[in-house]
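Chains as they are written, first to last, in my numbering: chain A, 4 to 165; chain B, 1266 to 1384.
Ideal placement from N, C-alpha and C gives every residue a C-beta, glycine not left out.
First comes the structure, then the notes that go with it.
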């Protein structure tokens, strides 16, 4: 029951954690091919990957979604404060599965696997981030969620709280 | 259950939003360390590390104790809460992202419907 204990379900996104893996699940009310299209088409991807509510700004998106292809995402308001995330697609199965590496860190990065499972016109999306070690997971998980500008906002908030 | 309007939780999110501070937490989960040890390990000035330690302490994720001239940091007494806050923070990122993805997907679905109805 360890997994059940560490699962947090609020809103419609569920997160579970094991020692070196984080698993995120969510169901979308649409066929898998549409969720896959939104994930793999740069103009569409750009509209959801960096939600404004998180204070993220996605400057550029390059996605070559095919087995052996590469991707590169750049965040930040301007080139000076830019932060890049990049890697390559290890496996791509249209409308079903995407596996990519996260190579921006100095050390061995995580491998992300997304599967799209269609059931009765709905799609269960499962995203797994597998880290080389427990320590790597704790040090790096969700680094993308912590952009410098967002960090500044939080720091201000913290100042007000203090 | 943790509350979203809990200032302590906001402080936890802020504390965990920084890669160095997550690294410090990971390090302290292995063993207690002095601030100067942490500064060395993370290639940082003592002043810079003091700030990070201050943020973590304020969030209740670690405690510090000064003995003589050395301030020792250890993982805080709110271990389980810290774990929950960490996962919650991660979930909030994906939840916000997937809310936006949902909107994009619904638009694609509507587009197909209107195409299908012969417009």
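The Cβ of residue 68 of chain A sits no closer than 7 Å to any Cβ of chain B.
Between the beta-carbon of residue 1339 of chain B and that of residue 1327 of chain B there is about 6 Å, and that keeps the pair under the 8 Å contact cut.
When DSSP reads this structure, residue 137 of chain A sits in no beta bridge, so it has no partner. Your pair residue 24 of chain A and residue 107 of chain A does not check out as a contact, with CB atoms roughly 19 Å apart and the cut at 8 Å. Shortest Cα-Cα distance from residue 104 of chain A to any of A/63, A/125 and A/92 involves A/92. The three-state secondary structure of residue 1353 of chain B, taken from DSSP, is helix. For residue 68 of chain A, there is no enclosing alpha helix (DSSP H), as DSSP gives it neither H nor E.
For residue 104 of chain A, the enclosing beta strand (DSSP E) covers residues 100 to 104. Between residue 40 of chain A and residue 70 of chain A, the CB-CB gap reaches or exceeds 7 Å. For residue 138 of chain A, the chain B residues whose Cβ falls inside 7 Å of its Cβ are 1291, in order along the chain. With respect to chain A, the C-beta atom of residue 1352 of chain B has a partner C-beta closer than 7 Å. A Cβ of chain A is located within less than 7 Å of the beta carbon of residue 1374 of chain B.
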